[in-house]
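In the working numbering, the protein residues as written are 848 to 1480. Note that the Cβ used here is the ideal one computed from N, Cα and C, for glycine as well. First up is the structure itself, then whatever we jot down about it.
As structure tokens, this is what we get:
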């Protein structure tokens, strides 16, 4: 009976996962053996990859911590990339009592179109043909570190030098701040990548990082093609030399080919067994509780609920409430709590606790444009099965991963990447690109463009499957000038806020992405990559003729195709109050004692690469700041 029960639960997990494959046309039914086999295999994968790390010491009934308004030293709002770090580090001190809230149970998913991901959409984007853009955000413990492409690239040293200059604190400059990247990192050497300087890598951190994802031959030859057009090889994007160059991407994938998230790395059994740490799931924080004593405003706790129509509970904080809810929810919670621009609060009849104009401003994201090619090679497009043969291949691949940790299931999709400057004369000659564009980089060794490859093409955030074997190359604008805002739609905490990244409002952003497209066309026709691609294919779904378009026509392509790289930042920016800042160099909210923010919303400027690492390092840094404050008390 136990075996049958386990088998049935595994199949059920697979059915639930398979249901998210909307275009698979393989819905499980009693007469469709391919569907049930696929469901079983998917269930095995989900159990191993995602549920194998489920923790039993989570508090699933949020009302249990709301009785008698229990008091904690620290209340951390958000169990995402930064929140897990803070909870683990602050609770290292047994005299500290910490409580962390996350919005849903510890359920994990690799799928954007699922109940485990916030199904957000931006406001209509005038610079992108008036379209709303899909903005998925991770709901589960680990937040977006549990659903991202696991690309372990930290940004550029110049980014953090800029942070230090903006806030006036050298602790945030690369010379010092790099130590927090090493603190969370445990680099695991790979024999195929001997050029990595191990003396520069973190060796004892909780986040295992290395070159252990599987990479398609086409993506390997993408690297050689980049070399051929003038992009140098870089053995390691994450050193003081900066990320300029091309290579396979390092990943948050360990030597067993298993995803590493902040939840799996920091919420170990030992951490969750600490008596001074409580991790609450199934709870939504509705507002920060404050009190006023003369001219001083102090955060004293949080209000939360299990569901929209349920009772509200409260917990108290003796020292700090720390918002780690992300670049969308952290400013939303501040606004709902009466902390933000007075005009915005008045619009929604929210009592003004503190007029802080910068809350929700400076919203910036990395826009990406995809290019699709026909691939001569067999690819892993069966990951999105469209017929019984695909289902059989998927089963085989899943089983291979389950038993051997190899094959298509061990890829992170963003396999190889190049970081470069749009003003590099070796790549963009003055004769071909006579226009002078403003330098938005953070320094001479910092990039403003990323070009990366995926082993097959996708559209609509993976919801559309190409019928043929494909290969995709993508261009990302790393330092956009366009900035937007986050505002409230209503006073309902369960209502998504108004997200307006203002994509491509600055024409130079479009022009730089056009340069990225031009470079993609060169790379695609450079050997050895060119031999993999069918450049004679004129199918309208593919882009083998896109290089024939004028720059003006390519600008239209950019506006039509632009999407998010899932990197919104800077809505609670670390900057001087006089320059629209929300938090100071210790991440304390201006004007409200006992309230901090720690997540990607505090970035002084968006980093020149992938944003997860900076969130981890920021949380490590804040944990040390708080520990030092406690020693001095």
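Asked, Found
"For residue 1446, is the classification buried or exposed, using 16 other Cβ atoms within 10 angstroms of its Cβ as the cut-off for buried?", "buried"
"Please go through the same chain and pick out, in chain order, the residues whose beta-carbon is closer than 6 Å to the beta-carbon of residue 1158, but skip the five residues on each side of it.", "none"
"On the criterion of 16 or more Cβ atoms from any shown chain inside 10 Å, does residue 1461 qualify as buried, or is it exposed?", "buried"
"Going by DSSP, which residues form a beta bridge with residue 1168?", "922, 1442"
"Among 932, 979, 1342, which one has its Cα closest to the Cα of residue 1131?", "1342"
"Does residue 1281 pass the burial test, meaning 16 or more other C-beta atoms within 10 Å, or should it be called exposed?", "exposed"
"Shortest alpha-carbon distance to residue 1363 belongs to which of 1269, 1425, 1385?", "1269"
"Could you name the residues that DSSP lists as bridge partners for residue 1176?", "According to DSSP, residue 1176 bridges with nothing at all."
"Along the chain, where does the alpha helix (DSSP H) containing residue 1402 start, and where does it finish?", "1398 to 1408"
"With residue 1062 as the anchor, note down where its beta strand (DSSP E) starts and where it stops.", "Element bounds for residue 1062: n/a, residue is neither H nor E."
"Sorted by chain position, which residues of the same chain lie with C-beta nearer than 6 Å to residue 1195's C-beta, five sequence neighbours on each side aside?", "1335, 1338"
"Please go through the same chain and pick out, in chain order, the residues whose beta-carbon is closer than 8 Å to the beta-carbon of residue 1393, but skip the five residues on each side of it.", "1218, 1364, 1368, 1401, 1404"
"Any idea which residues DSSP pairs residue 1324 with across the strands?", "1296"
"Do the region 1406 to 1417 and the region 1378 to 1386 make contact, defined as three or more Cβ pairs closer than 8 Å?", "no"
"Quick one: residues in its chain with C-beta nearer than 8 Å to the C-beta of residue 1455, no 5 flanking neighbours on either side, listed in chain order?", "1002, 1003, 1005, 1006, 1090, 1266, 1288, 1289, 1293, 1294, 1295, 1325, 1326"
"What does a CB cutoff of less than 8 Å around residue 906 pick up in its chain, not counting 5 residues either side in sequence?", "912, 1125, 1126, 1127, 1128"
"Between residue 1435 and residue 1023, what straight-line distance do the alpha-carbon atoms span, to the nearest angstrom?", "20 Å"
"Need the endpoints of the alpha helix (DSSP H) that residue 1118 sits in, please.", "1116 to 1119"
"For the region 1022 to 1083, which segments carrying the alpha helix (DSSP H) assignment without a break, of at least 4 residues, lie completely within its bounds, in sequence order?", "1064 to 1076"
"Confirm, please, whether the CB-CB distance from residue 1221 to residue 1346 is below 8 Å.", "no"
"Under three-state DSSP, which class holds residue 1199?", "coil"
"Is the separation between the beta-carbon of residue 1063 and that of residue 939 shorter than 8 Å?", "no"
"Do you know offhand how far residue 909's Cα is from residue 968's?", "28 Å"
"Taking the continuous beta strand (DSSP E) assigned at residue 1219, which residues delimit it?", "1214 to 1221"
"Do residue 1361 and residue 1398 have their beta-carbon atoms positioned less than 8 Å apart in this structure?", "yes"
"Label residue 1190 either buried or exposed according to how many other C-beta atoms from any shown protein chain fall within 10 Å of its C-beta, with 16 as the threshold for buried.", "exposed"
"I believe residue 1206 touches residue 1415 by the beta-carbon criterion, under 8 Å. Please report the beta-carbon distance rounded to the nearest angstrom.", "Contact flag wrong, Cβ pair sits at about 15 Å."
"Can you give the Cα-Cα distance for residue 1387 and residue 1092, rounded to whole angstroms?", "32 Å"
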